[in-house]
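One structure below.
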Amino acid sequence: MKFKRILASVATLGASAVVLTGCALPYQSEVVADSAITVAWNDLASEFNTNSASGNNTANAVVAYFTNGSFSYYDNTPALQKSEQFGTYEKTSDSPLTVKYTIADNVVWSDGVAVDSADMLLAWITTFGYFKDADGGYIFQHANPRDDLSTELPAAEGKSFEFTYDKAYVDWEVQFGVGVAAHGAVMLAYPEITDPAEAKKAFVEAVAAEDIEWLQKVADVWNTGYQKTDATAAEAAESLVFLSSGPYKIEELVADDHVTLVANDKYTWGPSPKYERITIREIGDPTAAVQAVANGEVQIASGQPTADLLALVEGLTDGEYEAGNDATFEHVDLTFNNGGPFDPAAYGGDEAKALAVRQAFLLSIPRGQIIDKIIKPLNPTAEVRNSLLTVPGSPNYDSIVAANGSDFYGTDDENVTKAQQILADAGIDTPIEVKFWYPAGNVRRGQEFQLIQENAAKVGFSVVDTSEPDWLFTDPSQFPVNPHDAVIFGWQSTSLAVTGSDQMYGDGKPSNFQGYSNSVVDETLAALETELDPAVQGELQAAVEAELFADAASLPIFQFPGLIWWDSTAVEGVSSAPLSPGYFWNFWEWTPVSAAS
Amino acid sequence: MLKFISRRLAATFVVLIVASFVVYMLVALTSDPLRDLRVSNDQSAQHKMAILSEKLQLDVPPFFRYFLWLRGAAGCVIGQCDLGIAFSRGDQPVAAALGTAMASTLSLVVLATILAIVFGIAIGMTTALRQYSAYDYTVTFGAFIFYSLPIFWVAVLLKEFGAIKFNEFLGAPDIPLGVAIGLGLVFGFIAQAIVGGRLVARLKIAGAVAVLATILLVILDATQWFAQPSIGIIGVTLSVAGIAAFILFATSSMSKRRYVIAIGATAALVVALWFPLQFVWFFLNNPLTVILVALVLAVLGWLLGWFIGGDDRKDVARIAAIVGALATIPLLLDQLFIRWETYTNLSSLKSGVIATIGANTPTMASHPDTWLRMLDSAAHLVLPTIALMVISIAAYTRYTRATLLEVLNQDYVRTARAKGLNESTVVMRHAFRNTLIPIATIIAFDFGAIIGGAIITERVFAWQGMGSLFSYGLHHSDVNLVMGFFLVTGIATVAFNIVADITYSVLDPRIRLSEEA
């Protein structure tokens, strides 16, 4: 392998750097000359503004993770880590909530222009939907403009940027960051402006003067100008679309095939990456990705594990793999308002009877069997998930599980006895028919359904298969009320943000497909949104979950297993992470392997 | 003829419109572009759904939305195509997506189809000539097996043994004597089966081929040829001689002196030009050079044929030109093999050259050396081409066998035999051409179909062509993308249908397309 010869130099370089500079390390590049790695991902970036409505997806986020400097990132715990060499942020006041972001002095874009408050101003007016057209539509098509959070236009000067939230907002830490370069967007919109400083100035003045006409052209660029599926090396080097404030910059982009990232020579802060080039190839088929690693075409790949895939990965002679948790968790939701067995209306409005039936049904879901038979073979460390709001491993998970009443559910056998008892006590005749939906064609959920159907029969439920492949119950124009009594599917966590659960459990909210309505839950979730104390946040989350468990509304089952595999003769330092961007989370730690080590 | 074509075109147009409507409605009614967002607990989902609905005009019922699409597509007639945007691919215009996908598909499937046709017809003919022999039964058996194999499975096996294991072999090539002898015997067995005839003759052939193959393998192993394969002047000479012999045989002109001299002279000329051509390959480092060299060699062959040919000069010149053009292949291969070592050093493969995914190595796609890029493409094309070929060869073999058998039973073939023509002239000159008539129409159909790509093969080999575009569009409920795919494949299918009909009438004068006659 060609990596062999280079490692000695890395080691020497790194060691001498430490010796020479003591502990206060200035940035020392550890990039190994001519080192290259190719990794696989199932989709490629097509837009380089990940905040716009069209560009906000995982594939774009992966590339942006290499090319956009940020104030924080998620590690594999998952927990939020600050990247203070890029910039710092602090809360300067609790009431009103005021936050101050400061970019480090040496942080520049890949064209040498400083990253500063003008860039943060562009991020601010887009994130908080400040500018609207005559019809009230947003000029900047941000994926999630929050004009309810911050409305007072901040001043932009120097490297710092301070703004005020209109109300206390629990997720302020992940709400704001630097997006695309302000001078880049301006110069793309107005090619006659060639001086970056002039561009920044013109932009800051136009924002201050609320010159919507001038800004409209910038907005057009911001909305669609970053959509690129192809770029040759010359274009990528020239184009302002590909300005980078991260350790890598785009070197070449070929639609549907690969994107090549090359170490950014202007990057002088934060942890140094080791590879000079990282190529991300699009490989949709996981089996193909395993064989590509075996053949040496690709060094790292990932995929949704199946028994077959795991067997292939285990058979890799030079490969290592890591089975871990993914960001999605499986759960069963019961429907409260369709006149079915879980709706009090079916018992003449008798809430207690409906609750007993719901509890009995959730108890009859054999979570232990599902984990043991379906998930453990793929992820030996898998456990039952006991929280509806938080990811296992995240800071509040343990305390929430201890307080949310999930201990109502014991082992499968205990649960069956308990469920029979509950039904008998409530005087409910069995068998009870439950219309159960899972996405038809999904093999794993089909197996889960089999286990649930079998086990629930012991309690007295006759579970009817109402699966269909199209998730029709999620379309309110077709089914205002969910026709299924119980559904099983996954919710994906994209961040550790605390807000957002109201979408699923709030009364009448768009992702609440079960007709669940509980005023305590609604109020507590609303209170959570403005709670700035992390300890109280945990208590509020536990309180919400306690209500959800007490109502027997929903039952979490397991975290999706994830699988990554890599060529251990080529690269080390690879590890998986549940949240986006997955195994890319520590790309700066990927190191070429030497023959000696 | 004109009337026929215009009538067919009009009918085609109607078929396309109706079919596009049906496909549009099927896709639009059964897929929901908002589904992923509906089941997302992303806070921005509602906002994104609103934007997407507006962009895709989801408030318009599919029935009317089809006509919006049709209006854009109709613009193609006047050169203003608007096939919409592919929202699942970052709003890329569908026309642009189709462009790259088509180029990718064509480069994969055209070669596979041509090779499948050549080998399919060759194998089909040999089986027909050896009807009911062990060879015939073996090929028939194999054809049915390959025909029924699932291609994803073939592809995975090919990767395991054709790429991973074969590359390991290339990294440390060693052929034990026993294996060499075994392989020699296999070749000998195949050779005797094809040649057929009496037992003694077959045994002789089998023995000769087995010994030759074994010796060749032992020499290749001893010289470490597999570690650093090359062709060189010796390889080129042997290959050109082989091509010349094959063409002589195929045109049944082995026994005609002038043909042999002209073709032999052409082959000798090509070999003589090997050294000066080294400079051409080096200085004209451009894909078009291949065509240039092929043309020059063809012209030189034609001239030689013309001067040596005597009474048959036209015919001789044509055949010599073909030999000249075909001789470009070993010359080009020689250039590719020269770069073998450079390539393996640049490549990230553990050893060897055979790749399992994509159309090229990302880092080499922009390499300045054309021949190195060509070697890279070849290394990526080998496996998907074999995977596609294995299955279509089976079909072509069956068609050719059946047709040739039918033709050989016709009266005019008996007449040809009766007037004392030798067997190879009867088969190659008289029977073969008529065999091609039905095959040609099947080939035309197939060309229409291959534009649609090979959905499974493309996915397994991570090849971004039309097939993967289609499955991507369906998977992401992207109606515009699916319709773009449909438009191209639909037009290709009906166009080649017409071509097939016309070809039929050109090849077979008994068939008339117009009614006047």
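For the protein sequence lines, the chains are A and B, in the order given. Residue numbering for the first sequence follows the working numbering, starting at 1 and increasing by one per position. Residue numbering for the second sequence follows the working numbering, starting at 1 and increasing by one per position. No residue lacks a Cβ here, since even glycine has one placed at the ideal position from N, Cα and C.
Starting from the beta carbon of residue i, find every residue of chain A whose beta carbon is closer than 7 Å, and list them in chain order.
i                : result
Asp91 (chain B)  : Ser54, Thr224 and Gln227
Leu349 (chain B) : Asn295, Gly296 and Glu297
So with CB distances below 8 Å, who are the chain B contacts of residue i?
i                : result
Thr126 (chain A) : The contacting residues do not exist; Thr126 (chain A) stays about 13 Å from chain B at best.
His258 (chain A) : Gly358 and Pro362
Met504 (chain A) : Asn41
Thr511 (chain A) : The sequence given here places Ser at residue 511 (chain A); Thr does not occur at that position. Neighbours of Ser511 (chain A) on chain B, chain order: Arg38, Val39, Ser40, Asn41 and Ala45.
Note down, in chain order, every chain B residue with its Cβ under 9 Å from the Cβ of residue i.
i                : result
Arg281 (chain A) : Ile357, Gly358, Pro362 and Ala462
Asp470 (chain A) : Thr30, Ser31, Asp32 and Arg35
How many Å lie between residue i and residue j at the Cα?
i                : j                : result
Val108 (chain A) : Ala462 (chain B) : 37 Å
Trp566 (chain A) : Glu320 (chain A) : 6 Å
Asn41 (chain B)  : Asn60 (chain A)  : 19 Å
Gln46 (chain B)  : Glu351 (chain A) : 32 Å
Phe485 (chain B) : His476 (chain B) : 14 Å
Asp502 (chain A) : Arg38 (chain B)  : 15 Å
Ala116 (chain B) : Val382 (chain B) : 13 Å
Val186 (chain B) : Val209 (chain B) : 9 Å
Thr335 (chain A) : Ser95 (chain A)  : 40 Å
Met120 (chain A) : Glu531 (chain A) : 25 Å
Cys23 (chain A)  : Ile283 (chain A) : Low confidence applies to Cys23 (chain A): its pLDDT is 45, below 50, so where it sits in the model is not reliable, and the reading given next is rough at best. C-alpha separation (whole angstroms): 42 Å.
Gly14 (chain A)  : Ala570 (chain A) : Because the pLDDT of Gly14 (chain A) is 49, which lies under 50, any placement of that residue in the model is unreliable, and the number read from its coordinates should be weighed accordingly. C-alpha separation (whole angstroms): 19 Å.
Thr21 (chain A)  : Trp172 (chain A) : Since pLDDT at Thr21 (chain A) reaches only 46, below the 50 mark, its modelled position is unreliable, and the value read off the structure follows with that caveat. Their backbone Cα atoms lie some 37 Å apart in a straight line.
Leu215 (chain A) : Phe203 (chain A) : 8 Å
Pro366 (chain A) : Ile452 (chain A) : 6 Å
Leu83 (chain B)  : Arg71 (chain B)  : 9 Å
Val15 (chain B)  : Gly448 (chain B) : 16 Å
Trp269 (chain A) : Ala263 (chain A) : 13 Å
Ser110 (chain A) : Ser245 (chain A) : 6 Å
Would you list the residues sitting across from residue i in a DSSP beta bridge?
i                : result
Phe489 (chain A) : A:His331
Asn325 (chain A) : A:Pro561
Gln227 (chain A) : A:Glu47
Gly319 (chain A) : A:Asp567
Leu253 (chain A) : A:Ala231 and A:Val259
Gly303 (chain A) : A:Leu563
Tyr74 (chain A)  : A:Leu80
Write down the C-beta distance between residue i and residue j rounded to the nearest angstrom, noting that I regard them as a contact closer than 8 Å.
i                : j                : result
Leu304 (chain B) : Ala365 (chain B) : 40 Å between Cβ atoms; not a contact.
Val464 (chain A) : Glu433 (chain A) : 6 Å
Ala327 (chain B) : Val260 (chain B) : No, Ala327 (chain B) and Val260 (chain B) are not in contact; Cβ-Cβ is about 16 Å, not under 8 Å.
Phe329 (chain A) : Phe473 (chain A) : Not really, about 19 Å apart at Cβ, beyond 8 Å.
Val180 (chain B) : Val218 (chain B) : Looking at the sequence shown, residue 180 (chain B) is not Val but Ala. So it is a contact: roughly 5 Å between Cβ atoms.
Val170 (chain A) : Ala189 (chain A) : Rounded, the Cβ-Cβ distance is 35 Å, inconsistent with contact.
Leu253 (chain A) : Ala236 (chain A) : 6 Å
What does residue i reach in chain A if we use C-beta pairs closer than 8 Å?
i                : result
Ala163 (chain B) : Gln291 and Asn295
Val94 (chain B)  : Under the 8 Å cutoff, chain A gives no residues; its nearest Cβ is about 12 Å from Val94 (chain B).
Lys159 (chain B) : Ala288, Gln291 and Asn295
Consider the C-beta atom of residue i and the heavy atoms of the ligand NAP; say whether any pair is separated by less than 7 Å.
i                : result
Lys167 (chain A) : This structure lacks the ligand NAP, and indeed carries no ligand of any kind.
Under 7 Å Cβ-Cβ, which residues of chain B neighbour residue i?
i                : result
Ala255 (chain A) : Thr100
Ala233 (chain A) : Ser366
Ser46 (chain A)  : Arg89, Gly90 and Gln92
Counting only Cβ pairs nearer than 9 Å, list the residues of chain A close to residue i.
i               : result
Ile51 (chain B) : Ala53, Ser54, Gln141 and Ala143
Fill in: Validate contact between the region 330-344 of chain B and the region 225-232 of chain B using beta carbons, cut 8 Å, 3 pairs
yes
Worksheet item: Counting pairs of beta carbons, one from the region 164-172 of chain B and one from the region 410-417 of chain B, are three or more of them closer than 8 Å?
Response: no
Item to complete: Decide if the region 312-327 of chain A is in contact with the region 404-419 of chain A; the criterion is three or more beta carbon pairs, one per stretch, under 8 Å apart.
Response: no
Item to complete: Would you be able to state if there are at least three C-beta pairs under 8 Å between the region 533-551 of chain A and the region 388-396 of chain A?
Response: yes
Worksheet item: Per the contact definition of three or more C-beta pairs closer than 8 Å, is the region 44-54 of chain A in contact with the region 147-159 of chain A?
Response: no
Item to complete: Indicate whether the contact test is met: 3 or more Cβ pairs, each with one atom in the region 100-117 of chain B and one in the region 496-507 of chain B, closer than 8 Å.
Response: Short answer: they don't touch.
Worksheet item: Between the region 371-379 of chain A and the region 303-318 of chain A, do at least 3 Cβ pairs fall closer than 8 Å?
Response: Yes, the region 371-379 of chain A is in contact with the region 303-318 of chain A.
Discussion item. Could you check whether the region 396-407 of chain B touches the region 122-129 of chain B, counting it as contact only if at least three pairs of C-beta atoms, one from each stretch, sit closer than 8 Å?
Written reply: yes
Discussion item. Assess contact between the region 315-324 of chain B and the region 290-302 of chain B, defined as three or more Cβ pairs (one per stretch) separated by less than 8 Å. Is contact present?
Written reply: Touching, yes, given that three or more Cβ pairs across the two stretches are closer than 8 Å.
Item to complete: Determine contact between the region 289-301 of chain A and the region 32-46 of chain A, defined as no fewer than three beta-carbon pairs at a distance below 8 Å.
Response: yes
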